[in-house]
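Enquirer: To convert, note that position 175 of the sequence shown is 175 in full-length UniProt numbering; the numbers rise steadily by one, no gaps.
We put the CB at the ideal spot given by N, CA and C, even for glycine.
For clarity, every value in this text was computed on a predicted model and none was experimentally measured.
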Amino acid sequence: MAKQTIAETIVAVRGGGDLATGTVQKLVHAGFKVVIFETEKPLMIRRTVSLGSAVWDQTTTVEDITAVLTTEKNLEKVWASGRVPVIIDAEGESLSKIEPTVLVDAILAKRNIGTHRKMAPITVALGPGFEAPTDVNIVVETMRGHNLGRLISSGKPLPNTGIPGVIAGKSAERVIHAPASGVVRYVHQIGDQVSQGETLFYIGQTSVPSPLSGTLRGLIAEGANVELGLKIADVDPRANVDCGCISDKARAIGGGVLEAVLMLGHQQSLF
1 MAKQTIAETI VAVRGGGDLA TGTVQKLVHA GFKVVIFETE KPLMIRRTVS
51 LGSAVWDQTT TVEDITAVLT TEKNLEKVWA SGRVPVIIDA EGESLSKIEP
101 TVLVDAILAK RNIGTHRKMA PITVALGPGF EAPTDVNIVV ETMRGHNLGR
151 LISSGKPLPN TGIPGVIAGK SAERVIHAPA SGVVRYVHQI GDQVSQGETL
201 FYIGQTSVPS PLSGTLRGLI AEGANVELGL KIADVDPRAN VDCGCISDKA
251 RAIGGGVLEA VLMLGHQQSL F
């Protein structure tokens, strides 16, 4: 591949959730042309800090980055407007047309659901389910702690524990999983202050109460058809949490991705 400037370099990011959004912001700030690949019905719960929410809302803004739902034919037009294009392409079928120099798997599925090194000259993945350099060039550690954001060029990140991080002394109890299957209907919105036992939303006719008092920080999109056991909401035990601000974890991971892309780009003399 011929050498190119950063402003000419296309980065495809698989996934548009909250951690992916922290990554996208870093890449956009550095001058890359970023495109987000999302599913037809994204299931992220931190929607107010997830650029992939553009699939539901057509356009969404997180801090200083605006994303818009479009198609691969209109990427240049969206980039020219200073926004980030989001396309519905869960399988990455349009990669051959877009030909990104960089591909980042930020799906956070805890397993590899199809990303491989042949997808782009530079490949980076977030968290468990990947091994470098077998699956991708570099894996970025996503587990909170001393190694958060560390680049792994040989080996695997720490395995998924299934236990959410501790916030104000609360861990697993702050995350809500669907007690039934059905369509989500709101009572509260993200950012609302809620009390333990208060109904947050309904799944069909099933009332879903808050497990604790605090700020409703995460909530799957209204109208989503969810399956029993799916993670669908998150209550932060702290009061009045800013639900529109990218998290410290997302910023750390995003910084790791940007470091990996720049390092590999210079090593391969791509830009």
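Return the CA-CA distance between residue 33 and residue 9, expressed in angstroms with no decimal places.
Expert: Taking the straight line joining both Cα atoms gives about 6 Å.
Enquirer: Starting from residue 26 and walking both ways along the beta strand (DSSP E), at which residues does that stretch end?
Expert: From DSSP, residue 26 is part of no beta strand (DSSP E) but of the alpha helix (DSSP H) over 18 to 29.
Enquirer: Which term fits residue 18, buried or exposed, when burial requires 16 or more other beta carbons within 10 angstroms of its beta carbon?
Expert: So residue 18 counts as buried.
Enquirer: Assign residue 267 to buried or exposed, taking buried as 16 or more other Cβ atoms, counted over all protein chains shown, within 10 Å of its Cβ.
Expert: When all chains shown are included, residue 267 counts as exposed.
Enquirer: Determine contact between the segment 251 to 261 and the segment 197 to 204, defined as no fewer than three beta-carbon pairs at a distance below 8 Å.
Expert: No: the two stretches stay apart, fewer than three of their Cβ pairs being nearer than 8 Å.
Enquirer: At what residues does the beta strand (DSSP E) containing residue 13 begin and finish?
Expert: Note, residue 13: beta strand (DSSP E), 10 to 14.
Enquirer: Measuring straight from C-alpha to C-alpha, what distance separates residue 107 and residue 4?
Expert: Using only the alpha carbons, I get a separation of about 27 Å.
Enquirer: Since residue 67 contacts residue 45 with CB under 8 Å, what's their CB separation in whole angstroms?
Expert: Contact doesn't hold; Cβ gap of about 17 Å is too wide.
Enquirer: Could you say which of 105, 229, 58 and 93 lies nearest to residue 179 if we only look at CA atoms?
Expert: The candidate whose alpha carbon is nearest that of residue 179 is 229.
Enquirer: Please state whether DSSP places residue 150 in a helix, a strand or coil.
Expert: DSSP places residue 150 in coil when its eight states are reduced to three.
Enquirer: Do residue 172 and residue 164 have their C-beta atoms within less than 7 Å of each other?
Expert: Yes, Cβ-Cβ distance for residue 172 and residue 164 is below 7 Å.
Enquirer: Using a Cβ-Cβ cutoff of less than 7 Å, which residues in the same chain neighbour residue 129 once the five nearest sequence positions on both sides are dropped?
Expert: Counting only Cβ-Cβ distances below 7 Å, and skipping sequence neighbours, we find 109, 110, 111 and 112.
Enquirer: Since residue 219 is in the beta strand (DSSP E), which residue starts that stretch and which ends it?
Expert: Where residue 219 is concerned, the enclosing beta strand (DSSP E) stretches over 214 to 219.
Enquirer: Is residue 94 closer than 7 Å to residue 72 when the C-beta atoms are compared?
Expert: Contact: yes.
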